[in-house]
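Note that the sequence shown covers residues 2 to 294 in this note's numbering. Yeah, the Cβ is synthetic: ideal placement off N, Cα and C, and Gly gets one too. Since the structure is predicted, the reported quantities are computational estimates derived from the model, not experimental observations. What follows is one structure encoded as structure tokens, with my remarks underneath.
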Amino acid sequence: MRKDILALFTATAAILCSCSSKQYREQGSEKGKEFATGLSEPQSITASETAAGEKVAETETLSNQSTVNKKKIIKDGNMSVKTHDINARKKDIDECLKKLNAYYEREDLQNHHQTISYDLKIRVPADNFEKLISSIENGKDEIKSKTIQARDVTEEYVDIEMRLASKREYLKRYKELVSKALTIKDILAIEASVRELQEEIESKEGRLKYLSDQVSFSSLDLNLYQTKEFIYKPEPQDKFSERVKKSLTQGWTSAVDFALWAMTIWHIILALVAFFVIRRAIKKRKKRNRNDE
2 MRKDILALFT
12 ATAAILCSCS
22 SKQYREQGSE
32 KGKEFATGLS
42 EPQSITASET
52 AAGEKVAETE
62 TLSNQSTVNK
72 KKIIKDGNMS
82 VKTHDINARK
92 KDIDECLKKL
102 NAYYEREDLQ
112 NHHQTISYDL
122 KIRVPADNFE
132 KLISSIENGK
142 DEIKSKTIQA
152 RDVTEEYVDI
162 EMRLASKREY
172 LKRYKELVSK
182 ALTIKDILAI
192 EASVRELQEE
202 IESKEGRLKY
212 LSDQVSFSSL
222 DLNLYQTKEF
232 IYKPEPQDKF
242 SERVKKSLTQ
252 GWTSAVDFAL
262 WAMTIWHIIL
272 ALVAFFVIRR
282 AIKKRKKRNR
292 NDE
């Protein structure tokens, strides 16, 4: 009886030890898998970026629904206006820009014989863009050309916001993994990915800022010009004595230049002189021989 009890106790203890060891190994394996999974997931961010980014962006979109739902429209235009008094018209436009909180991004004045013109690039708040156009059109000036266009960049704007949210989330996960890395190799790999993500985020933020600026302020390229009346103005001339001096000087200069040029081809001139002298001597000899006969 005692032997049976002792055998039963020994078997029970062995089973308990086996179960405890198996459970410990499973827990260790799960922890190892957890770190391995956490370390490997950022390496395949590109493949899963879209799906995860959509979830993160969806949360931010719901919290800022008014911003996302609002259309992002970039308005710009080009106008050419002919005026009869360009200075007065320019002052009127200056006053109009002050009222509309607009400004000149570029101002170029060209004053030619027949025309005087301003090439202006105006930045105006988007809400005041139509008011600026109406102000320019009203009046006695002649509108020579007008082009207005609107570009809807809502899709690009929202896409950048979603990608930014996704990349920021992955950047956060990368930074959390640094503390879990076991080797220097893992740390360096994670830090390289962090730098790459930060550069991508800065690039996207720059593009988003540019789009926001273009949406907030519209652009108008305005060519304002005036045609001048033709007035004949004879060009002033020098006195007769001065013109004589100038002619003599030019003649003397031409003679000197010719002499210097002739000196550069002296060998050709000498050959020509010798040719004519010899030719003349031959003719004289032939003539003398005929006379002797």
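- For Lys205, the closest of Leu101, Phe218, Lys147 and Met163 by C-alpha to C-alpha distance is Met163.
- Of all alpha-carbon atoms in Leu209, Ala166 and Lys141, the one lying nearest the alpha-carbon of Val82 is that of Lys141.
- Only residues of its own chain outside the window of five on either side were considered, and among them Ala127, Phe130, Ala151 and Ser219 have a CB closer than 7 Å to the CB of Lys76, listed in chain order.
- Relative to the Cα of Thr228, the nearest Cα in the group Met80, Glu243 and Ile87 belongs to Ile87.
- Shown here for Leu189: not one same chain residue has a beta carbon closer than 7 Å to its own, the five before and five after excluded.
- Note on Val179: under 16 other CB atoms within 10 angstroms of its CB, so exposed under the neighbour-count rule.
- Take Ser136, set aside five residues on each side of it, and the residues of its chain with a beta-carbon closer than 7 Å to its own are Cys97, in chain order.
- Distance from Ile149 to Gly78 at the Cβ level is roughly 4 Å; contact confirmed, criterion being Cβ atoms closer than 8 Å.
- Pairing Thr116 with Leu225 gives a Cβ-Cβ distance that is not under 8 Å.
- Contact annotation: Leu209 and Val154 have beta-carbon atoms that are not nearer than 8 Å.
- Going by DSSP, Glu236 is part of no alpha helix (DSSP H) at all; its letter is neither H nor E.
- Taking a contact as a CB-CB distance under 8 Å, the pair Lys168 and Ile202 counts as one, their CB atoms being some 5 Å apart.
- Per DSSP, reduced to three states, the secondary structure at Asp86 is coil, with no helix or strand assignment.
- For Val159 and Leu165, the gap between their C-alpha atoms comes out near 10 Å.
- The beta carbon of Leu221 lies closer than 6 Å to those of Gly78 and Ile123 in the same chain, with the five residues before and after it left out.
- Between the alpha carbons of Glu156 and His114 lies a distance of about 49 Å.
- As far as DSSP is concerned, Tyr175 takes part in no beta bridge.
- Between the alpha carbons of Ser242 and Thr250 lies a distance of about 12 Å.
- Boundaries of the alpha helix (DSSP H) around Leu249: Phe241 to Thr265.
- Between the alpha carbons of Gln111 and Ser118 lies a distance of about 5 Å.
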